[in-house]
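Chemist:
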Amino acid sequence: MFQHPAFVRDRFTILGYGALAVFALGIAAVGPAMPLLRDDLGISRTIGGLHFTAGAAGSVIAGLGSPRAMPRMGRRWVVLVGGTGTAAGGLLVALGGHPVITIAGSLVLGTFGNLLLIAVQAALSDHHGPARATVLTEASALISGVFLLPGLVLGLLGLLGLGWRPVFLLPGIVWILLARSILGSLPERGRIRSERAEGATLPGYRAALLALMFAVAVEWSIGGWAAGYLVDVGGLSESAAAAAAVTFYAAMAVGRGIGSRLTRRRTVRELLPGVVVASLVGFAVFWWASAVPVLIAGLALAGLGVANLFPLITSALFAAAPGLADRASAHVSLAGGAAVMIAPLTLGALADRWELRSAFSGVLVLLLALAATIAWWRRVQGAGEDRPPDAHEAI
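FYI, the numbering for the sequence shown is 13 to 407, going by this note's numbering.
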């Protein structure tokens, strides 16, 4: 049985998780706050949707910019800029009295939040080495848990009559509390030097990157449209559907917690096929069912499977880029941002043309494409084990 070297959740790891919480609080606040924001500013659903597009565009910007910023500035400065920028983006949204300002704030949140994510993921991956699958899965579980907090905080703010704006101050508050410790734990120049030529990656890197795009597209398509599906197919009210749709994210948090333990006993290569199968089965139940209990059960099973796609594939990507964690993390942000910009929007357009149930067949196509890409990755990776040390892919 496979056994990782001992995984130690040390001070550096805890501080890294704290930095990821800053990212998660900023990104996760936009969705649950949107109905209140739209009502406050008097904007349409289309204008409201631009906040999500801006956040995804920020992810792409971060993915394009970080490969140049990281070698020049070092991880410590990138984390400083990313954390401070995330706090500033939240403040901009909180103070915005016009959609132009709040959309700009979402762009700032997406850009600097993902810049923070890129640097911290790379640092954690390098710090834990062979145990990167465990730390990245555990970090993803934490992010999923933090994603639930803004909605709960908004409910409390509503009871207190304080409105939606204070929720966007949370990233700044956490950043102020943790910034000094986080920055002090990072080396001045965080980049790990490699004996490999610049851009040299191991076989399977491109397959893992493509699989990551499919995985993110699946996650955001289900998460973004699950509530609407429960209204159209399950006949729930909008408020009841919104509450029931939280099942997906709650299941993801649980799934990632389980996944972080499984990575200590099994390799990513062994775990990914089962995760893909669980995602397919869960989504199939959700897609074909009509009874509300079965719909929710399928949504939960899909969440348990989908939960571990992103961290496991990200781990595979880092493993195929030894000494190039900064670049790999940038590619994660770039590919994920592109998937978020394209997939949910395409699904919505298909739903407008047909119906949501028919449009959701696109998610099944994405899952099948993901399964084929994982099979490709396993084949190429397996073949790469027999290749000479200088064999690589140029990315």
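Just so you know, even glycine gets a beta-carbon here, dropped at the ideal spot from N, CA and C. Just so we're clear, the structure is a prediction, and the values are computed from it rather than from any experiment.
I'd like to know whether the C-beta atoms of L198 and A100 end up nearer to each other than 8 Å.
Modeler: Numbered from 1 along the sequence shown, position 186 holds the residue referred to as residue 198. Numbered from 1 along the sequence shown, position 88 holds the residue referred to as residue 100. Cβ atoms of L198 and A100: not closer than 8 Å.
Chemist: Looking at the unbroken alpha helix (DSSP H) that takes in T149, where does it start and where does it end?
Modeler: Taking the first residue of the sequence shown as 1, we reach residue 149 at position 137. Start and end: R144 to F159.
Chemist: Relative to the C-alpha of V266, which residue among T149, Y29 and G97 is closest?
Modeler: Counting from 1 along the sequence shown, the entry for residue 266 is found at position 254. The residue with the shortest Cα to Cα distance from V266 is T149.
Chemist: Can you say whether N126 is buried or exposed, counting buried as having 16 or more other CB atoms within 10 angstroms of its CB?
Modeler: Taking the first residue of the sequence shown as 1, we reach residue 126 at position 114. Of the other Cβ atoms in all chains shown, 16 or more fall within 10 Å of the Cβ of N126; this residue is therefore buried.
Chemist: Would you tell me roughly how many angstroms separate the C-alpha atoms of G348 and F124, rounded to the nearest one?
Modeler: One-based indexing of the sequence shown puts residue 348 at position 336. One-based indexing of the sequence shown puts residue 124 at position 112. Rounded to whole angstroms, the gap between the alpha carbons of G348 and F124 is 15 Å.
Chemist: Go through its chain and collect everything with a Cβ distance to L5's Cβ below 6 Å, but skip five positions before and after it.
Modeler: What the structure shows of the chain is the stretch from 13 to 407, and residue 5 is not part of that stretch, so it cannot be assessed.
Chemist: Secondary structure at T213, three-state DSSP: helix, strand or coil?
Modeler: Residue 213 sits at position 201 when you count from the first residue of the sequence shown. T213 falls in the strand class under three-state DSSP.
Chemist: Compute the Euclidean distance between the alpha carbons of E207 and G335, then round it to the nearest angstrom.
Modeler: In the sequence shown, counting from the first residue as 1, residue 207 sits at position 195. In the sequence shown, counting from the first residue as 1, residue 335 sits at position 323. Unreliable positioning characterises E207 in this predicted model, as indicated by a pLDDT of 35, which lies under 50. The coordinate reading is nonetheless provided below. The straight-line gap from Cα to Cα measures roughly 8 Å.
Chemist: Please identify the residue among L49, M46, L32 and L359 whose C-alpha is closest to the C-alpha of I155.
Modeler: Here the question's residue 155 lines up with position 143 in the sequence shown. I155 has its Cα closest to that of L32, out of L49, M46, L32 and L359.
Chemist: Is it right to say S370 is buried, meaning 16 or more other beta carbons lie within 10 angstroms of its own, or is it exposed?
Modeler: Counting from 1 along the sequence shown, the entry for residue 370 is found at position 358. Answer is exposed; the Cβ neighbour count stays below 16.
Chemist: Exposed or buried, G173, counting other C-beta atoms within 10 Å across all chains shown (16 or more means buried)?
Modeler: Position 161 of the sequence shown, counted from the first residue, corresponds to residue 173. By the neighbour-count rule (16 or more Cβ atoms within 10 Å), G173 is not buried but exposed.
Chemist: Identify whether V336 lies in helix, strand or coil by the three-state DSSP scheme.
Modeler: In the sequence shown, counting from the first residue as 1, residue 336 sits at position 324. This sequence places Leu at residue 336; Val is not what is there. In the structure shown, L336 sits in coil (DSSP, three-state: anything other than H, G, I, E or B).
Chemist: Give the straight-line distance between the Cα atoms of A337 and S327, rounded to the nearest whole angstrom.
Modeler: The residue you call residue 337 lines up with position 325 of the sequence shown. The residue you call residue 327 lines up with position 315 of the sequence shown. Answer to the nearest angstrom: the Cα atoms are 10 Å apart.
Chemist: Would the stretch 176–193 count as touching the stretch 86–105 if we require 3 or more Cβ pairs under 8 Å?
Modeler: yes
Chemist: Classify E282 as buried or exposed, calling it buried when 16 or more other Cβ atoms lie within 10 Å of its own Cβ.
Modeler: Taking the first residue of the sequence shown as position 1, residue 282 is located at position 270. E282 is exposed by the Cβ-count criterion.
Chemist: Leaving out five residues on either side along the sequence, give the residues of the same chain with a beta carbon under 7 Å from the beta carbon of V158.
Modeler: To locate residue 158, count along the sequence shown from 1; it is residue 146. Only A33, A36, L37 and A40 meet the Cβ criterion.
Chemist: What is the DSSP secondary structure of N320, counted as helix, strand or coil?
Modeler: Against the sequence shown, residue 320 aligns to sequence position 308. Coil, per DSSP.
Chemist: How long is the line joining the alpha carbons of A238 and L368, rounded to whole angstroms?
Modeler: Position 226 of the sequence shown holds residue 238. Position 356 of the sequence shown holds residue 368. Whole-angstrom Cα-Cα distance: 10 Å.
Chemist: Helix, strand or coil for I55 per DSSP?
Modeler: By 1-based counting over the sequence shown, the position of residue 55 is 43. It is coil, neither helix nor strand.
Chemist: Please indicate yes or no: does the CB of T146 lie closer than 7 Å to some heavy atom of the ligand HEM?
Modeler: Annotation note on the ligand HEM: not contained in the displayed structure, which lists no ligands.
Chemist: May I have the straight-line CA-CA distance separating V288 from L321, to the nearest angstrom?
Modeler: What you label residue 288 is simply residue 276 of the sequence shown in a count that begins at 1. What you label residue 321 is simply residue 309 of the sequence shown in a count that begins at 1. Going from the Cα of V288 to the Cα of L321 covers about 7 Å.
Chemist: Using beta-carbon positions only, say whether R144 and F330 come within less than 8 Å of one another.
Modeler: Along the sequence shown, read from residue 1 onward, the residue named residue 144 stands at position 132. Along the sequence shown, read from residue 1 onward, the residue named residue 330 stands at position 318. Yes, they are a contact pair.
Chemist: Where are the alpha helix (DSSP H) runs, 4 residues long or more, that stay fully inside the stretch 46–123, in chain order?
Modeler: 57–107
Chemist: Going by CA-CA distance only, name the one from L248, R88 and L357 that's closest to V230.
Modeler: Your numbering for residue 230 matches position 218 in the sequence shown. Nearest C-alpha to V230: L357.
Chemist: Can you find the residues in the same chain that come closer than 8 Å, C-beta to C-beta, to L316, ignoring five residues on each side of it along the sequence?
Modeler: On the sequence shown, position 304 is the one that residue 316 refers to. A263, M264, V266, G267, I270, A290 and G294, listed in sequence order.
Chemist: Can you tell me where the alpha helix (DSSP H) with V297 in it begins and where it stops?
Modeler: The count along the sequence shown starts at 1 and reaches residue 297 at position 285. V297 -> alpha helix (DSSP H) spans V280 to W300.
Chemist: Given A153, which residues of its chain have a CB within under 7 Å of its CB, disregarding the five upstream and five downstream residues?
Modeler: Stepping through the sequence shown from its first residue, residue 153 is reached at position 141. These residues qualify, in order along the chain: A265, R268, G269 and S272.
Chemist: With DSSP as the reference, label S249 as helix, strand or coil.
Modeler: Indexing the sequence shown from 1 puts residue 249 at position 237. Here DSSP, grouped into helix, strand and coil, assigns S249 to coil.
Chemist: Identify, in the order they occur along the chain, each residue of the same chain with its Cβ nearer than 7 Å to the Cβ of S137, setting aside the five sequence neighbours on each side.
Modeler: Against the sequence shown, residue 137 aligns to sequence position 125. The beta carbon of S137 lies closer than 7 Å to those of R144, L148, F330 and A337 in the same chain, with the five residues before and after it left out.
Chemist: What separation, rounded to the nearest whole angstrom, lies between the Cα atoms of A319 and L379?
Modeler: On the sequence shown, position 307 is the one that residue 319 refers to. On the sequence shown, position 367 is the one that residue 379 refers to. Near 13 Å, if we compare the C-alpha coordinates of L379 and A319.
Chemist: The alpha helix (DSSP H) with L32 in it runs from where to where?
Modeler: Translated into positions along the sequence shown, residue 32 becomes position 20. Per DSSP, L32 belongs to the alpha helix (DSSP H) from R23 to A40.
Chemist: If I follow the unbroken alpha helix (DSSP H) through L190, where does it start and stop?
Modeler: As a working mapping, residue 190 is identified with position 178 in the sequence shown. Element bounds for L190: L182 to G196.
Chemist: Would you tell me roughly how many angstroms separate the C-alpha atoms of V392 and S71, rounded to the nearest one?
Modeler: In the sequence shown, the residue the question calls residue 392 occupies position 380. In the sequence shown, the residue the question calls residue 71 occupies position 59. Rounded to the nearest angstrom, the two C-alpha atoms are 29 Å apart.
Chemist: Output needed for M46: all residues of its chain with C-beta closer than 6 Å, excluding positions within five of it in sequence on either side, in chain order.
Modeler: Along the sequence shown, one-based indexing puts residue 46 at 34. In chain order, G60 place their CB closer than 6 Å to the CB of M46, counting only its own chain and leaving out the 5 sequence neighbours on each side.
Chemist: To the nearest angstrom, how far is it from the Cα of A301 to the Cα of V90?
Modeler: One-based indexing of the sequence shown puts residue 301 at position 289. One-based indexing of the sequence shown puts residue 90 at position 78. In a straight line, the C-alpha of A301 is about 46 Å away from that of V90.
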